[in-house]
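Residue numbers for the sequence shown follow our numbering, beginning at 31 and rising by one.
Every residue, glycine too, gets a C-beta built ideally from N, C-alpha and C.
Treat the numbers as computed from the prediction; the structure is a model and nothing was measured.
Working notes for the structure below.
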Amino acid sequence: MSSSGSILMNNKIEIPQLALGTYDIAKEEISNVIESALSVGYRHIDCAWLYGNEKEIGASLSQQFQKNEIKRSDLFITGKLWCSFHKFERVRQQCVITINDLQCQYLDLFLIHWPFAFVDHDPQNNEEHQSNVDDEIDFIETWRAMEVLVDEGLVKSIGLSNFNEEQIERILQICKYKPVVNQVEIHPYCPQIQLEIFCKIHQILLEAYAPLGANNRQWKKENDPEILEDKTIKSIADKYNVHPAAILLRYIIDRNLVCVVKSANYQRIEQNFQCINQNHFQLDEEDFNKIHNDIQIRFRYHQVEEKKYAKEYPFKQWKDFIP
Ligand SMILES: NC(=O)c1ccc[n+]([C@@H]2O[C@H](COP(=O)([O-])OP(=O)(O)OC[C@H]3O[C@@H](n4cnc5c(N)ncnc54)[C@H](OP(=O)(O)O)[C@@H]3O)[C@@H](O)[C@H]2O)c1
Numbered sequence: 031m032s033s034s035g036s037i038l039m040n041n042k043i044e045i046p047q048l049a050l051g052t053y054d055i056a057k058e059e060i061s062n063v064i065e066s067a068l069s070v071g072y073r074h075i076d077c078a079w080l081y082g083n084e085k086e087i088g089a090s091l092s093q094q095f096q097k098n099e100i101k102r103s104d105l106f107i108t109g110k111l112w113c114s115f116h117k118f119e120r121v122r123q124q125c126v127i128t129i130n131d132l133q134c135q136y137l138d139l140f141l142i143h144w145p146f147a148f149v150d151h152d153p154q155n156n157e158e159h160q161s162n163v164d165d166e167i168d169f170i171e172t173w174r175a176m177e178v179l180v181d182e183g184l185v186k187s188i189g190l191s192n193f194n195e196e197q198i199e200r201i202l203q204i205c206k207y208k209p210v211v212n213q214v215e216i217h218p219y220c221p222q223i224q225l226e227i228f229c230k231i232h233q234i235l236l237e238a239y240a241p242l243g244a245n246n247r248q249w250k251k252e253n254d255p256e257i258l259e260d261k262t263i264k265s266i267a268d269k270y271n272v273h274p275a276a277i278l279l280r281y282i283i284d285r286n287l288v289c290v291v292k293s294a295n296y297q298r299i300e301q302n303f304q305c306i307n308q309n310h311f312q313l314d315e316e317d318f319n320k321i322h323n324d325i326q327i328r329f330r331y332h333q334v335e336e337k338k339y340a341k342e343y344p345f346k347q348w349k350d351f352i353p
């Protein structure tokens, strides 16, 4: 990490290490959330067409730019291509829609959200959105279309999300531009150690989503293990006199990964941002190892249960689940 809190990606572009996640932030709330995040210092915003709030984020960004306190070039904005738009000719169209909705002129990073595709969907058409898997659309076709976006200057960098090693390997065999990142779920119950080793070899940076265990998920089950309630995490938090969330965020930051955390609450937005600051507190090696090596529970909070039959569902194998 550089002193500015950024990490250099394989295309020599810097990415701010801490990002504000925008999943599940209501349209009515988003403007305040963006304003709060920018005011406390976030410069990286993680968006996706799926989250249904890109137009509102765009309106809020535009307001912030008008105040002249922040410029477009100060920000790092990530968008994601949803599974319904994996066909070659659809990728550019969808990217332009996202750029227009976000009012951001270009994307700093555009990710393929999941490796499997849904039946092609025209985003201009108001008919109900289809989410039936279409195994005939190969993500190789999608990646080739993503590369054209770089050549056209619509996006600065392109990457992946929720891809496993074999799927990344296939991209690496054909690519003109290497993926700069792979955004996946990472926290002590899903540490992704093997994937991290693989990605390091290929200079692909891992981005950690759900670092706090996605406590807001609607599909929560009664017996799910909650990482914010974990005994080891809580005892380490007591030792440093911080909230367990701060320990979980530092765990990602100390691994030199990008950390994508969502909050719609001003105080928590601010507290989470403080965690990037080494002066706030640092985990000592023993505590880091307790989290990294001693916690035995394994759990994924984001699983897309109903898509498990898709040919390219990424987490079928035991090794994709237990790192
Ligand atoms: N690529 C993908 O497929 C994918 C999948 C999932 C998520 N993501 C991205 O990753 C982001 C983060 O993941 P996530 O939203 O699933 O989960 P998360 O960031 O692990 O957790 C968010 C939950 O934690 C709460 N929270 C935030 N800060 C807290 C703190 N300091 N103390 C206690 N609770 C706190 C939030 O509540 P409040 O809002 O009330 O603070 C919210 O309920 C998403 O928003 C999205 O941008 C990507």
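Around Arg247, the same chain offers Tyr331 as residues with beta carbons nearer than 7 angstroms, after the five sequence neighbours per side are excluded. A distance of 8 angstroms or more separates the beta carbons of Ile216 and Pro209. Going by beta carbons, Tyr136 and Ile129 fall inside the 8 angstroms limit. A distance criterion of 7 angstroms places the beta-carbon of Thr172 beyond contact range of ligand 1, judged by its closest non-hydrogen atom. When C-alpha distances from Asn302 are compared across Ile188, Tyr339, Leu48, Cys113, the shortest belongs to Leu48. Linking Glu336 to Phe146 through their CA atoms gives a straight-line distance of about 12 angstroms. In the structure shown, Ala294 adopts coil according to DSSP, grouped into three states. Counting only runs of 4+ residues, the alpha helix (DSSP H) found wholly inside the segment 240-317 occupies 261-270, 274-284, 296-304, in chain order.
When the beta-carbon positions are compared, Asp54 and Arg73 stay at least 8 angstroms from each other.
The residues Asp165, in chain order, have a CB closer than 6 angstroms to that of Lys341 in the same chain once the five nearest residues on each side in sequence are set aside. Classified as exposed, Asp324 has fewer than 16 neighbouring CB atoms from the shown chains inside 10 Å of its CB. In the DSSP assignment, Val70 falls within the unbroken alpha helix (DSSP H) covering 57-70. In the DSSP assignment, Ser90 falls within the unbroken alpha helix (DSSP H) covering 84-96. Ligand 1 has a heavy atom closer than 7 angstroms to the beta-carbon of Gly243.
Per DSSP, the beta bridge partners of Ile142 are Leu111, Leu190. Per DSSP, reduced to three states, the secondary structure at Asn162 is coil, with no helix or strand assignment. Excluding residues up to 5 positions away in sequence, Arg330 lie with their Cβ nearer than 6 angstroms to the Cβ of Cys220 in the same chain. In the three-state DSSP reduction, Cys125 falls in the helix class (H, G or I). Secondary structure of Asn319 (DSSP, three-state): helix. At a Cβ-Cβ threshold of 8 angstroms, Tyr296 and Ile321 do not count as neighbours. Shown here for Pro274: same chain residues with a beta carbon closer than 7 angstroms to its own, the five before and five after excluded, namely Leu258, Ile263, Lys264, Ala267 in chain order. DSSP places Asp181 in the helix class (H, G or I) of the three-state scheme.
Three or more Cβ pairs closer than 8 angstroms define a contact, and the segment 107-122 meets that threshold against the segment 161-180. Around the Cβ of Ile231, a 10 Å sphere holds fewer than 16 other Cβ atoms; the residue is exposed. Not one heavy atom of ligand 1 sits closer than 7 angstroms to the Cβ of His310.
A distance below 7 angstroms between beta-carbons, with the five flanking residues on each side excluded, links Ala175 to the following residues of its chain, in chain order: Phe118, Val121, Arg122. In terms of side-chain proximity, the C-beta atom of Asp284 is found no nearer than 7 angstroms to any non-hydrogen atom of ligand 1. Short of 8 angstroms from the beta carbon of Ser36, and not among the five residues preceding or following it, lie these beta carbons of its own chain, in chain order: Glu44, Ile45, Pro46, Gln47. For Leu38, the enclosing beta strand (DSSP E) has its first and last residue at 36-38.
Using a Cβ distance threshold of 8 angstroms, Lys250 and Thr52 do not count as a contacting pair. Non-local beta-carbon contacts of Asn40 in its own chain, meaning distances under 6 angstroms to residues more than five positions away in sequence, involve Lys208, Val210, Gln233 in chain order.
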